[in-house]
Amino acid sequence: MDRFYVTTPIYYVNAEPHIGHAYTTIVADVMNRFQKLMGRKTFFLTGTDEHGDKIVQAAEDAGVDPKSYADRISAMFRQTWPQLNVSNDHFIRTTDPEHMKTVQYILQKVHDSGDIYFSTYKGLYCVGCERFYTEKELVDGKCPDHEKEPVEREEANYFFRMSKYQGWLLEHIQSNEGFIRPERYRNEVLSFLKEPLEDLCISRPKERLSWGIPLPFDDRYVTYVWFDALINYVSAIGYPDGPLFHEFWPVAQHTIAKDILKPHGIYWPTMARAAGFPPFQHLNVHGYWRTEGGKMSKSHGTVVRPLDLAPLYGVDAFRYFLLREMVFGLDANFSEEALVQRLNSDLANDLGNLFSRTTGMTDRYFQGKIPPFGSEPDELDRSLVTQMEATLDQWRTEMPRLAFHKTLMAVWECINAANKYVDHAAPWNLAKDPGQLPKLQTVLRTLLEINKVVAVLISPFMPDTSEKMLQRLGIEKGGFGPAPGRRREMGHFEGRYARAQGGTPFSEDSKRRAEGRQASQGSRQTRILPGCGPETCTRGKG
Ligand SMILES: [Zn+2]
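The opening residue of the sequence shown carries number 10 in our numbering; numbering runs sequentially from there.
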């Protein structure tokens, strides 16, 4: 497949961007940069979800109208992503006229085919969640999120005949491995599907909620939540007739946090089926970031603001930390201490040190000129190159499987092996003996090649660092071509010169700065702000 389409959820504008949003979005960015590097034509979508009761409430609290409120928060998200080096191609808002038109088009289509009907819904409703609960979902008769008893409510509404598609969805999940991944989430959806699927309420009376997209077949109602939000994934690429839709929808991958598994794993594919287009290719589901040992929850609300730490330690260090620390699919702990630890050990000590030694010795012994291989490679040289090649293979296979931490571990094993290689080969001793010049050339050249490949492998994670390293090695932006890391790439340097540009990433200086900040903070905890957790700012409504 020569194309790639990745999305984040559209984030609910009832709160400002936080680490949960940042992680999902950076993951999508890393995936997108990797696929681009592999020569694929890519499209990367993010955006904001702007309708619903909570927005009306938040706007009232802020003393503005819903649209002005949505404009303000949406702009915050839009401004956050470039600061984290996120390279999305489009930013969609559910208040975009094009999106609203598409939602109405799909609603009309599904209504015409008989899969939307009018009925009365009676149930237990949590006002905080804006949704009805089943008895089974309640904990001690209370909403598990708000720890409040729901109220009984009866309401005439429109319903999507989701139950009709249960058999089809079960079959589709069972016959498409990787449709929902990692497997634990696939199993979770399969276990939901063991129970009879209920139809989905898709409207709210305008008298109760006017901030939404009017139903095209009954203007007394607006569209409720998911039938508006989920459609962004196709409205953004011009469904039903746009060229981008035809090009990218067949390869669509959604990246989400686990709180919105059910809407994405069940509602969305059945909606697509009813509207007459195939479902996404992959749903990639990740876990939660915990701070201070507890899940960041909406009621206890602890949030690390990404923008607080990213500029302090550097965007690349921040991105590296998130991708290295979390096993995709599982929960992970976030702390400033752990971030500083990674910055000092992995980035400054391992990567920074290898790069500064290599370029420093190239300057010293070869006046900055990339030396040709001299002596025949010996066992030591060969084993390092073999390891690098194995790392390349792993990178190519593990990245599309979302094994980011594993990929980075492999790259770092290689970096550590290269640092050991420097110690063993001791170029400073070789340099003392003119008869050892051919050997010195081979050692430095091998190291330069390893540094070059490392720079390419880390580029989806740390684009700025990668660029700086390649620039210092005399390689133009994008000069390593598509699908890098093939074996023939070795030897790319012929006739090139290392330049005194770019500089050394994660130098001792950045390490000292991080340590200084830690010291000045003493035992103070990571700065955390009251707010909402990852599950509230994407739609936490099951
Ligand atoms: Zn609730």
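From the three backbone atoms N, C-alpha and C, an ideal C-beta is built for every residue, glycine too.
- At least one heavy atom of ligand 1 lies closer than 7 Å to the C-beta of Cys135.
- For Asp62, the Cβ stays outside the 7 Å cut-off from all heavy atoms of ligand 1.
- A distance criterion of 7 Å places the beta-carbon of Asp154 in contact range of ligand 1, judged by its closest non-hydrogen atom.
- Nearest Cα to Leu352 within the set Tyr329, Glu398, Leu339: Tyr329.
- A heavy atom of ligand 1 is found nearer than 7 Å to the CB of Cys138.
- Take Ile424, set aside five residues on each side of it, and the residues of its chain with a beta-carbon closer than 7 Å to its own are Asp359, Leu360, Leu363, Val463, in chain order.
- Secondary structure note for Phe254: its alpha helix (DSSP H) is the uninterrupted segment 252-257.
- The beta carbon of Arg195 is closer than 6 Å to those of Ile189 in its chain, skipping five residues each way along the sequence.
- Between Asp390 and the set Pro26, Ala284, Leu456, the nearest pair of CA atoms involves Leu456.
- The secondary-structure analysis by DSSP pairs Thr129 across a beta bridge with Ala165.
- The three-state secondary structure of Ser212, taken from DSSP, is strand.
- Here Tyr248 is near Thr111, since their CB atoms are less than 8 Å apart.
- DSSP, reduced to helix, strand and coil, places Lys378 within a strand of the structure shown.
- Taken through DSSP and simplified to helix, strand or coil, Thr232 comes out as strand.
- In this structure, the CA atom of Leu239 is about 17 Å from the CA atom of Arg170.
- Rounded to whole angstroms, the gap between the alpha carbons of Leu449 and Glu345 is 41 Å.
- Lys50 and Gly72 have their C-alpha atoms some 44 Å from each other.
- Leu46 sits in a helix when the DSSP states are folded into three classes.
- Around the beta carbon of Tyr126, fewer than 16 other beta carbons lie within 10 angstroms, which makes this residue exposed.
- For Gln450, there is no enclosing beta strand (DSSP E); the enclosing alpha helix (DSSP H) has its first and last residue at 446-466.
- Remark: C-beta atoms of Arg12 and Glu256 approach each other more closely than 8 Å.
- Assignment of Ala281 by DSSP, reduced to helix, strand and coil, places it in the helix class.
- Remark: three or more beta-carbon pairs, one from each stretch, lie closer than 8 Å, so the segment 22-34 and the segment 84-104 are flagged as touching.
- DSSP places Gln290 in no alpha helix (DSSP H); its state is neither H nor E.
- Within the segment 50-110, complete alpha helix (DSSP H) segments of at least 4 residues are found at 62-71, 75-92, given in chain order.
- Taking 8 Å as the cut-off, the beta carbon of Gly296 is found no closer than this to the beta carbon of Lys271.
- Here Ala245 carries a coil assignment [DSSP, helix/strand/coil].
- With a 10 Å radius around the Cβ and a threshold of 16 neighbouring Cβ atoms, Leu453 comes out buried.
- Taken through DSSP and simplified to helix, strand or coil, Ala412 comes out as coil.
- Our two residues, Ile275 and Cys138, have alpha carbons roughly 19 Å apart in a direct line.
- Closest in C-alpha terms to Cys210, from the list Thr55, Trp235, Ser200, Ala341, comes Trp235.
- Measuring C-alpha to C-alpha distances from Gly383 to each of Pro447, Leu224, Gln183 identifies Pro447 as the nearest.
- Assignment of beta-bridge partners to Asp227 by DSSP yields Leu224.
- For the set Val95, Asp121, Glu146, Leu411, the Cα lying nearest the Cα of Asp473 is the one of Val95.
- Here DSSP, grouped into helix, strand and coil, assigns Arg299 to strand.
- Segment contact: the segment 316-325 against the segment 161-169, fewer than three CB-CB distances shorter than 8 Å; contact not assigned.
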